[in-house]
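According to my numbering, the sequence shown holds residues 7 to 177 in order.
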Amino acid sequence: MTGEEHADGSSKGWGFLSAMRFAERRAKGKPRIGKSTRVAQDAVSMGQDPFTGFPDSDLSQIDLAADPPRIRPRFLGFFGPFGPLPGAQTREVAFWTRNGDSSFVRFADIFVTRFQQLFYRSWSDARAITQFDHPTGGNSPVTCAPLPAMQVLRMTAQLSSMTRSGFSTPR
Numbered sequence: 007m008t009g010e011e012h013a014d015g016s017s018k019g020w021g022f023l024s025a026m027r028f029a030e031r032r033a034k035g036k037p038r039i040g041k042s043t044r045v046a047q048d049a050v051s052m053g054q055d056p057f058t059g060f061p062d063s064d065l066s067q068i069d070l071a072a073d074p075p076r077i078r079p080r081f082l083g084f085f086g087p088f089g090p091l092p093g094a095q096t097r098e099v100a101f102w103t104r105n106g107d108s109s110f111v112r113f114a115d116i117f118v119t120r121f122q123q124l125f126y127r128s129w130s131d132a133r134a135i136t137q138f139d140h141p142t143g144g145n146s147p148v149t150c151a152p153l154p155a156m157q158v159l160r161m162t163a164q165l166s167s168m169t170r171s172g173f174s175t176p177r
């Protein structure tokens, strides 16, 4: 499935994690998702639309053809039945949005975006296969070491045979 198939904003067929992996693979010159220090560096534009019912999918909107891609999940935000805002407040914000005033939603997006990016980053860092999704690679000990890779590999046997516990040393 490619991003061009869903350029109309349809979220059918996409899950949050698969869409984020796709967006991260396309973000060649930008930092990994969750590692950016400025909004302009973000590989994906995120946020949450107000809703009151239980979601039928992870995403309310997706546009992977945009630059940066836009993904609007229905979880880890302020709105909806699982969000921290009261239902009356969510209904009021949904009313404002339907009538063309999306200022509160955009304000909430400032915080929601970071929550969602860090959620994805923690999920991705725990899975080795996702380290190949971005040209910068991942957190491999070989790539993070201050020494050249060949020197690290030569010392691996010595480092792995060292005693790590005081209880296992002979007395």
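Think of the CB as a built atom: it goes at the ideal place given N, C-alpha and C, for glycine as much as any other residue. Predicted model, so just to flag it, every value in this text is computed and none were measured.
Asked	Found
Given Asp-69 as reference, the closest of Asp-131, Thr-142 and Gly-21 once Cα atoms are compared	Gly-21
Helix, strand or coil at Ile-77 according to DSSP, with G and I counted as helix	strand
Contact set for Ala-114: own chain, Cβ-Cβ below 6 Å, skip 5 residues either direction	Phe-84
Beta carbon of Met-52 nearer than 8 Å to that of Arg-27	no
Local conformation of Ile-39 per DSSP, three classes	coil
Residue environment, Ser-128, which counts as buried when at least 16 other CB atoms sit within 10 Å	exposed
Rounded straight-line distance, which links the Cα of Arg-133 to that of Pro-56	31 Å
Identified DSSP bridge partners for Gln-95	For Gln-95, which the question treats as bridged, DSSP gives no partner whatsoever.
Nearest candidate by alpha-carbon position, reference Arg-31, set Gln-54, Val-45 and Pro-74	Pro-74
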